[in-house]
Each structure stands twice: as C-alpha cells, then as structure tokens.
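Enquirer:
Residue numbers (my numbering): 440 to 541.
1. Using a Cβ-Cβ cut-off of 7 Å (strictly less than) and excluding sequence neighbours within five positions of residue 501, which residues of its own chain qualify?
2. Would you mind stating whether residue 504 and residue 521 have Cβ atoms separated by less than 8 Å?
3. Can you tell me whether DSSP reads residue 503 as helix, strand or coil?
4. Does residue 532 pass the burial test, meaning 16 or more other C-beta atoms within 10 Å, or should it be called exposed?
5. Please state whether the Cβ-Cβ distance between residue 492 and residue 529 is less than 8 Å.
6. Give the single residue among 458, 525, 537 and 453 whose Cα lies nearest to the Cα of residue 487.
7. Quick one: is residue 489 buried, meaning 16 or more other Cβ sit within 10 Å of its Cβ, or exposed?
8. Out of curiosity, what's the CA-to-CA distance linking residue 539 and residue 499?
9. What's the gap between the Cα of residue 506 and the Cα of residue 470?
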C-alpha cells in the first residue's frame with residue numbers, strides 16, 4: 440500500500456530589516472547647539488583681533504619712523520601693506536593652531 444503523498448514545499452519568508460538612512464533629514468533641520476554659536480562668535484572675534492593687531496603694528500611702525508620712504512603717501516601705503524600682512528599672518532597662525540587641536 441503505497442500511497443503517493445506529495446510533500447509540500449512551503450516558502451519561508453524572512454522579515455527584511457528596516458532601512459534606516461545614515462543621515463536622516465532631521466539631521467539637517469536640527470537647531471545649532473550652544474557650542475556652535477560660541478565657536479562662531481569666537482571665530483568672528485578672533486578675526487577682529489587679528490585686524491586690530493595689524494593696525495596697531497602698522498601705526499607703531501609709522502609713528503616711530505621705522506618706514507623709510509620719501510613721500511608721506513608711500514609711508515601710508517607701506518603701513519597699510521604691513522597691516523594686511525600682519526593680519527594674514529595672524530589668521531594663518533590661528534588656522535594652523537586650530538588644525539593641531541582638532
């Protein structure tokens with residue numbers, strides 16, 4: 440008595456994992472934290488400090504006669520160049536120091 444029994448093959452459905460975005464859209468919409476605001480204020484204040492130090496350096500050089508140019512306009516031009524140079528050097532130094540801290 441052999442009966443022909445069919446074996447039924449059942450599909451096993453596995454539950455697929457939920458897809459989660461690495462960076463959700465709410466990441467972009469988060470308000471700035473306090474430390475971000477403080478860091479931005481510090482960055483602006485630091486730039487202002489660089490300009491002030493440059494102006495003081497140029498003024499000291501101009502007043503003490505350390506810029507030896509024949510015309511007054513030439514002296515002012517060299518002093519302005521020193522202001523720009525010192526400001527840029529201070530900015531670059533700050534950037535280098537910030538990279539080493541991070």
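Glycine included, C-beta positions come from ideal geometry on N, C-alpha and C. Model, not experiment: these values are computed from the prediction.
Expert: Considering the structure as presented:
1. Position 62 of the chain shown holds residue 501. So the list reads 514 and 518, once near-sequence residues are dropped.
2. Counting from 1 along the chain shown, the entry for residue 504 is found at position 65. Counting from 1 along the chain shown, the entry for residue 521 is found at position 82. Cβ distance not < 8 Å, so residue 504 and residue 521 don't count as in contact.
3. Position 64 of the chain shown holds residue 503. Residue state, collapsed to three classes: coil.
4. If you number the chain shown from 1, residue 532 lands on position 93. With fewer than 16 Cβ atoms within 10 Å of its Cβ, residue 532 is classed as exposed.
5. Walking along the chain shown from the start, residue 492 turns up at place 53. Walking along the chain shown from the start, residue 529 turns up at place 90. Contact flag set, yes.
6. On the chain shown, position 48 is the one that residue 487 refers to. Minimum Cα distance to residue 487 is reached at 525.
7. Residue 489 sits at position 50 when you count from the first residue of the chain shown. Under this definition residue 489 is a buried residue.
8. Taking the chain shown and counting its residues from 1, the one referred to as residue 539 is at position 100. Taking the chain shown and counting its residues from 1, the one referred to as residue 499 is at position 60. Cα-Cα distance, rounded: 32 Å.
9. Residue numbering aside, residue 506 sits at position 67 when the chain shown is read from its first letter. Residue numbering aside, residue 470 sits at position 31 when the chain shown is read from its first letter. Computed Cα separation, rounded: 50 Å.
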